[in-house]
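Remarks on the structure that follows.
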Ligand SMILES: [Zn+2]
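Numbering (the numbering used here), first residue to last: 96 to 532.
Here it is in structure tokens:
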């Protein structure tokens, strides 16, 4: 022990380890190759989900709460995710138009759209629950006109989220089986409500159990084919990126997306790909710029801007700074609920917009060379740099990049800070012991 304590060799090993650790956290030198083919500037992207679909029925939620159903705590926030009115969108656009990047371009929300408005309950009933019918969004709706206006004003750029935000085939199965609660909700023109004990059909792009690969492929294909066509009818162009609901999708979904030219996959640094035999979710890690089996590029969100959770702009700005330190673009996710006047707290959007304004001001003040991009634009840049940015990844390299990505995805927690402080203190004491022995 004495030998170990006073040998400079061991001290040097420990010091190098600490320096390496420090570089991993703070050093962008490891990620220089990410930037090689990206503009030499700080890139910021806003990805915003859940535009479209039916508004949430607060009256029915109250009715069921009186019957004894409890609101899911997490979903309380989700409730505020009620749809955006034309006025809400106008307020959002105005804030975005107030700001400009180093090239004079406004920040632009990559807005991920649910392209169908709601299930066609009458037709579904007539089919005796054998077929799924839906009512798509159409050009006549004022909200769709407002989305299109956002494109012209260069502050809103629609991409694809899904056709409907639930697994319609599982829902049909339950209806057909005669599940009482589901049938009762059906009569009220509802699929489900965010209450404890209500069904949730989250498996949009992940099968609950993969019994028949062919059937599942057909189901995914039906969802994607229609969605892409409706999207084209609404906006006059095809989407090139997609974000799966609840960050869950399997390889079959990726294959289908690829067939419909969805080249860029938005998501977190992990995805949920299925279930193990115990029914637990299985996850897979990804890093920015990684390619899927079908050549699609993963775009990884690394900053959270969700004021409805009670976080202010600075919470997000810290993550923006960290992403830049790591040499990554800041990909900020922010749900529509932050800007909606139709949730439980009708005064909320004012706070959401105020914080957004502050966030943009901070970014522009601290990074005057900032560039605002949309997700497909970042995808294109990464795609062009196919060879240089993405050399041959070994397993270790992938592991390392996933690790970096996970650091970038979360703000440093107290644990890491404490650990680092303890390690530094040990080093100082050790240095004194070694050199004064
Ligand atoms: Zn969603």
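We put the beta carbon where it would ideally sit given N, CA and C, even for glycine.
Check: Whose C-beta lies closer than 6 Å to the C-beta of residue 125 among residues of the same chain, with five residues either side of it excluded?
Finding: Because the pLDDT at residue 125 is just 47, under 50, the model does not fix this residue reliably, and the value given afterwards should be weighed accordingly. Contacts found: none.
Check: What do you reckon, are the CB atoms on residue 254 and residue 337 nearer than 8 Å?
Finding: yes
Next item on the list: In the DSSP assignment, find the beta strand (DSSP E) that holds residue 144 and state where it starts and stops.
Entry: 138-147
Next item on the list: Express the C-alpha separation of residue 342 and residue 383 in angstroms, rounding to a whole number.
Entry: 15 Å
Note to self: Considering only their Cβ atoms, is the gap separating residue 284 from residue 216 smaller than 8 Å?
What the structure shows: yes
Note to self: Please report the distance separating the alpha-carbon of residue 272 from that of residue 203.
What the structure shows: 45 Å
Next item on the list: Whole angstroms is fine: what's the gap from residue 514's alpha carbon to residue 520's?
Entry: 10 Å
Notebook entry, point to check: From residue 522 to residue 531, what distance separates their C-alpha atoms?
Noted result: 14 Å
Next item on the list: Could you say if the segment 185-193 and the segment 205-223 meet the contact criterion of at least three C-beta pairs nearer than 8 Å?
Entry: no
Check: Just the Cα atoms here: how many angstroms apart are residue 142 and residue 154?
Finding: 30 Å
Note to self: Using the Cβ count rule (16 or more neighbours within 10 Å means buried), how would you classify residue 328?
What the structure shows: exposed
Next item on the list: Using a threshold of 8 Å, state whether the C-beta atoms of residue 229 and residue 262 are closer than that.
Entry: no
Margin query: What does the alpha-carbon distance come out to for the pair residue 413 and residue 109?
Written below: 29 Å
Item checked: ligand 1 site residues, beta-carbon cut 5 Å against heavy atoms -> 144, 145, 340
Checklist line | Which residues DSSP lists as bridging residue 213, in chain order | finding: 230
Margin query: As an exercise, report each continuous alpha helix (DSSP H) stretch of at least 4 residues that is fully enclosed by the segment 251-321, in chain order.
Written below: 263-272, 275-282
Checklist line | residue 326 - DSSP class collapsed to helix/strand/coil | finding: helix
Check: Where does residue 242 fall in DSSP's three states?
Finding: helix
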